[in-house]
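A.B. asks:
2 protein chains.
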Amino acid sequence: MAHTMREVARRAGVSLATVSRVLNNNEYISEETRRRVLDAVREFNYFKNVHAKRLATGRSDLFGLVISEIANPYFPEIIRGYQAMAWNRGFDVLLCNTEYDLERTKAVMRKLRESDVRGVAIVTSSVDKSMTSELTAAGIPVVLCNAEPAGKLVGNICIEYEHGINKAIQHVVELGHRRSAVIAGPADNRTAVTIRKALVSGLTARGLKPVCVLEGNYRVDAGASAVREVLSYPELPTVVFCGNDLIAMGAMSALEESGVRVPEDVSVIGIDDIFFAFLARPPLTTISVPREQLGVKAFEALDKMLNLKRHKGSNYILETDLVVRKSTASVRRLSLKVNS
Amino acid sequence: MAHTMREVARRAGVSLATVSRVLNNNEYISEETRRRVLDAVREFNYFKNVHAKRLATGRSDLFGLVISEIANPYFPEIIRGYQAMAWNRGFDVLLCNTEYDLERTKAVMRKLRESDVRGVAIVTSSVDKSMTSELTAAGIPVVLCNAEPAGKLVGNICIEYEHGINKAIQHVVELGHRRSAVIAGPADNRTAVTIRKALVSGLTARGLKPVCVLEGNYRVDAGASAVREVLSYPELPTVVFCGNDLIAMGAMSALEESGVRVPEDVSVIGIDDIFFAFLARPPLTTISVPREQLGVKAFEALDKMLNLKRHKGSNYILETDLVVRKSTASVRRLSLKVNS
DNA sequence: CCCGATTTTGGAACCGGTTTCATATAATCC
DNA sequence: GGATTATATGAAACCGGTTCCAAAATCGGG
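Listed in order, the protein sequences are those of chains A and B. Quick note: the first sequence, position 32, residue 35 per our numbering, numbers continuous. Quick note: the second sequence, position 286, residue 289 per our numbering, numbers continuous.
1) For the region 102-123 of chain A, enumerate the residues whose C-beta is nearer than 8 Å to any C-beta of chain B, in chain order.
2) Of all the CB atoms in chain A, is at least one closer than 9 Å to the CB of Phe-302(B)?
3) Going along chain B in order, which residues have a C-beta closer than 9 Å to the C-beta of Glu-80(A)?
4) Establish whether the CB of Ala-141(B) and some CB of chain A are separated by less than 9 Å.
5) Just to confirm, is the Cβ distance from Gly-158(A) to Met-308(A) under 9 Å?
6) Just the C-alpha distance for Glu-106(B) and Arg-37(B), rounded to the nearest angstrom, thanks.
7) Counting contacts by CB-CB distance shorter than 9 Å, is Asp-95(A) in contact with chain B?
8) Between the region 210-241 of chain B and chain A, which residues of the former have CB atoms less than 8 Å from a CB of the latter, in chain order?
9) Indicate whether at least one CB of chain B lies closer than 9 Å to the CB of Gln-86(A).
10) Tell whether a beta-carbon distance below 9 Å holds between Tyr-164(B) and Ala-301(B).
11) What does DSSP give as the partner residues of Phe-47(B) in its beta bridges?
12) Identify the continuous beta strand (DSSP E) that holds Tyr-319(A) and give its terminal residues.
13) Mind checking whether Pro-162(A) and Cys-148(A) have CB atoms under 9 Å apart?
14) Answer yes or no: do Leu-97(B) and Leu-68(B) have a C-beta to C-beta separation smaller than 9 Å?
15) So is Asn-52(B) buried or exposed if we call it buried at 16+ other beta carbons inside 10 Å?
16) Give the DSSP-derived three-state secondary structure of Lys-340(B) in the structure shown.
17) Classify Ser-18(A): buried if its beta carbon has 16 or more other beta carbons within 10 angstroms, exposed otherwise.
18) I'd like to know if the region 232-251 of chain A and the region 287-307 of chain B are in contact, where contact means that at least 3 CB-CB pairs between them fall below 8 Å.
19) Our contact map puts Ala-74(B) next to Glu-80(A) with C-beta atoms below 8 Å; I'd like the distance itself, whole angstroms only.
20) Please tell me whether Leu-211(B) and Ala-229(B) are closer than 9 Å, where the distance is taken between their beta carbons.
21) Please list, in chain order, the chain B residues whose beta carbon lies closer than 8 Å to that of Ser-63(A).
22) For the putative contact between Arg-328(B) and Phe-279(B), defined by C-beta atoms under 8 Å, what is the C-beta separation to the nearest angstrom?
23) If you run the structure through DSSP and keep just helix, strand and coil, what is His-174(A)?
24) Taking the alpha-carbon positions, what's the Ala-254(A) to Ala-227(A) distance?
25) In its own chain, which residues sit with a C-beta less than 7 Å from the C-beta of Thr-127(B), not counting the 5 before and 5 after it?
26) Under 9 Å, Cβ to Cβ, is there at least one residue of chain A near Pro-266(B)?
27) If you check the beta carbons only, do Val-185(A) and Pro-213(A) fall under 9 Å apart?
28) Please report the distance separating the alpha-carbon of Thr-331(A) from that of Cys-215(A).
29) Looking at chain A, is there any beta carbon in it that lies within less than 9 Å of the beta carbon of Asn-48(B)?
30) Quick one: which residues of the region 189-200 of chain A get their C-beta closer than 7 Å to a C-beta of chain B? List them in chain order.
31) Hey, does Phe-66(B) have any beta-carbon neighbour from chain A nearer than 9 Å?
32) Per DSSP, which one or two residues make a beta bridge with Asp-95(A)?
33) To which residues of the same chain is Ile-125(A) closer than 6 Å at the C-beta, ignoring the five residues directly before and after it?
34) Between which two residues does the alpha helix (DSSP H) harbouring Asp-275(B) extend?
35) Starting from Thr-139(B), trace the alpha helix (DSSP H) in both directions and tell me its first and last residue.
36) Could you name the residues that DSSP lists as bridge partners for Ala-124(A)?
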């Protein structure tokens with residue numbers, strides 16, 4: 004079927020080793036020989052077998068990337084940044100989704116380990132030390148996102164939410180808001196908890212102590228059902244901070260369905276600035292997270308650990324910022340009371 | 004570093020071949036031996052090296068999936084369906100994006116070929132025969148989407164747009180629309196052209212011959228700029244059909260920005276039913292394409308070709324349907340004239 | 001013209017598994 | 001009880017490359 008290097012060698016009238024040298028751009032090859040080999044390669048339309056190569060060299064040209072779910076709009080840009088970096092350097096990326104499932108996550112780690120990947124970036128939050136240790140023990144560097152201070156061979160990309168959150172709070176203060184609510188992400192998600200705390204303490208500090216702090220998953224329906232709960236309260240908040248844009252969009256939908264207008268009656272703020280945030284009606288004011296950069300930095304961190312043999316693990320910090328669109332507006336004099 | 008099978012064999016006091024047999028669930032292994040081997044495996048926390056395995060078996064547990072761009076919301080569900088099928092059967096998927104770039108596409112094909120993938124599904128439309136032939140020539144089955152009748156080792160998943168389109172046209176006819184416009188996808192895209200033609204002929208047949216047929220890319224901005232052009236016409240259409248949901252969402256944005264209300268003044272219909280379609284304001288009426296099924300069927304087609312040694316290439320047809328939401332409404336008596 | 005240094009090439013071991021073939025042991029049958 | 005068959009294991013070849021080591025060819029200097 005496919006030709007092997009030996010056949011190419013025979014055809015070119017040289018040895019196996021020589022063909023290998025030519026194909027690896029090794030020096031110490033005469034022009035004449037190189038030409039002959041390359042001719043034979045062309046003639047046979049020869050491709051190297053990556054598996055043989057990987058076996059022989061003892062390493063793959065693969066980097067792993069672990070995400071939760073491909074359909075979640077949070078991840079595409081991360082994948083993009085990571086993949087672009089890898090591709091530019093001649094590497095491939097093995098994309099793995101955990102589907103939010105622990106067993107599946109374990110299977111993924113095993114797969115990654117078996118595949119001899121050079122390094123792994125994990126941008127899901129539900130990965131604990133016991134899972135990464137399997138990789139690091141095999142000498143495979145790992146980089147996490149918003150994780151606790153790292154150990155050997157594990158880097159960390161930390162997203163600094165404070166800045167964006169503070170600007171957002173400043174923003175709503177200037178708009179005259181006094182009553183806020185928070186719809187946070189899942190309580191078992193480290194990042195979600197960090198954000199919730201920053202939000203609550205920041206709001207409280209500025210005199211906008213939230214009238215309620217709800218928790219749920221990171222999906223649209225969570226935003227909708229949280230809003231329905233908020234609507235049952237005697238006094239409506241004038242601004243609701245959401246743990247991510249999906250929640251925010253769900254919240255806006257539910258709000259509108261109940262006849263509450265955004266932003267006239269209540270303002271809504273999301274986090275992430277996913278692609279669809281600007282397409283929402285109204286376009287969503289949100290705290291942007293540099294996700295493509297996250298992918299890029301994750302790769303760089305791995306690269307650094309690989310090259311410098313720095314076992315300390317390298318860390319990066321990424322800044323967030325506020326993107327003001329149309330889902331926030333100055334508070335109306337007369338506050339609305341829906342259910343009375 | 005990592006342990007090898009030989010070490011496990013030595014530890015368990017058996018031969019290399021025996022360990023291999025145990026690990027491959029081979030019959031003809033005594034319970035006693037199996038236990039000893041598995042103990043050793045556990046003790047060493049041993050993993051098989053996939054590259055060695057692939058080299059030895061001459062095939063990889065990989066299936067390729069070629070998409071245009073990871074950030075395009077059209078693809079996630081396809082990936083999902085495909086990957087789920089693969090995982091269930093113990094296979095991995097190598098995800099490749101062409102980034103709409105020809106060189107890149109070629110590189111991807113080469114990579115897939117080198118990787119000894121079992122089969123490849125290509126759901127981008129800009130792949131011609133010369134590219135797939137490199138794969139099929141190597142005995143790797145390929146499945147395309149909406150392609151021309153296939154050759155050897157190439158299957159085809161055909162999306163039947165007619166049904167959805169006809170229902171959509173029926174829908175707008177019932178709503179009393181008489182003037183339509185269509186904003187199609189790129190002219191060099193086979194699927195986009197098919198859709199455009201079906202749309203135009205269907206509309207014409209029902210007496211709604213489009214006042215204009217615009218073409219552009221498949222992105223949001225194309226919808227927006229097309230709408231701006233439409234708005235410069237003396238008479239506004241009352242309904243605009245878009246080549247995909249992204250275009251439709253861009254169209255709705257631009258419409259709204261110009262003070263034209265959707266659906267009161269003009270109705271908008273998309274195609275695909277991407278995740279965000281129902282979150283658009285107003286929620287988008289669209290023709291749903293069973294994308295997860297597309298992924299599933301693509302894998303099945305490959306599987307069939309692989310198992311049955313059917314060189315004919317297997318084909319599937321997928322149906323589309325209309326999803327009515329809020330971006331379409333009955334036409335108003337008095338037609339609006341914006342620029343006069 | 002000979003010798004050591006340098007450039008070029010081939011031979012062979014090796015990477016870590018799978019698999020064929022042969023052998024040894026146990027079970028079955030007449 | 002010996003032949004026959006099923007079960008269990010090992011030895012070794014093989015997959016298709018990379019790379020170390022040694023040998024051959026080329027070259028410059030004395």
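Glycine residues also receive a C-beta, built at the ideal position from the N, C-alpha and C atoms.
C.D. replies: Considering the structure as presented:
1) If the cut-off is 8 Å between Cβ atoms, the region 102-123 of chain A has Arg-113, Lys-114, Arg-116, Glu-117, Ser-118, Asp-119 near chain B.
2) Taking 9 Å as the CB threshold, Phe-302(B) stays off the interface with chain A.
3) At a beta-carbon threshold of 9 Å, the residues of chain B lying near Glu-80(A) are Ile-73, Ala-74, ordered along the chain.
4) Ala-141(B) counts as touching chain A.
5) Yes. Within cutoff.
6) Glu-106(B) and Arg-37(B) have their C-alpha atoms roughly 50 Å apart.
7) At a cut-off of 9 Å between C-beta atoms, Asp-95(A) counts as an interface residue with respect to chain B.
8) Taking a C-beta cut-off of 8 Å against chain A, the contacting residues of the region 210-241 of chain B are Val-223, listed in chain order.
9) So yes, Gln-86(A) belongs to the interface.
10) No, the pair does not count as a contact, with Cβ atoms beyond the cut-off.
11) Answer is none; Phe-47(B) lacks a bridge partner.
12) Tyr-319(A) -> beta strand (DSSP E) spans 318-322.
13) The amino acid at residue 162(A) is misidentified as Pro; the sequence shows Ile. Yes; because the gap between Cβ atoms is below 9 Å, this pair is in contact.
14) Result yes, Cβ atoms of Leu-97(B) and Leu-68(B) sit closer than 9 Å.
15) That one is buried.
16) Note that Lys-340(B) scores 49 on pLDDT, short of 50, meaning its location in the model is unreliable and no value can be drawn from it.
17) Label assigned to Ser-18(A): exposed.
18) Under the 8 Å Cβ criterion, the region 232-251 of chain A does not count as touching the region 287-307 of chain B, having fewer than three qualifying pairs.
19) Rounded, the Cβ-Cβ distance is 6 Å, consistent with contact.
20) Between Leu-211(B) and Ala-229(B), the C-beta spacing is not below 9 Å.
21) Against chain B, a Cβ distance below 8 Å from Ser-63(A) picks out His-54.
22) No, Arg-328(B) and Phe-279(B) are not in contact; Cβ-Cβ is about 12 Å, not under 8 Å.
23) Residue state, collapsed to three classes: helix.
24) Going by the C-alpha atoms only, they are around 5 Å apart.
25) Sequence-distant partners of Thr-127(B) (beyond 5 residues in either direction) whose C-beta falls short of 7 Å from its own C-beta, in its chain, are Val-69, Ile-70, Ser-71, Thr-101.
26) Not an interface residue.
27) Yes, Cβ-Cβ distance for Val-185(A) and Pro-213(A) is below 9 Å.
28) The alpha-carbon atoms of Thr-331(A) and Cys-215(A) are separated by roughly 19 Å.
29) So yes, Asn-48(B) belongs to the interface.
30) Cβ contacts with chain B: none found.
31) Interface criterion not met: the Cβ of Phe-66(B) is under 9 Å from no Cβ in chain A.
32) In the DSSP output, where bridge partners are listed per residue, Asp-95(A) has Leu-65(A).
33) Correct list, in chain order: Val-69, Leu-147.
34) No alpha helix (DSSP H) contains Asp-275(B), which is instead part of the beta strand (DSSP E) from 270-275.
35) DSSP places Thr-139(B) inside the alpha helix (DSSP H), whose first and last residues are 132-140.
36) Its beta-bridge partners are Leu-68(A), Val-146(A).
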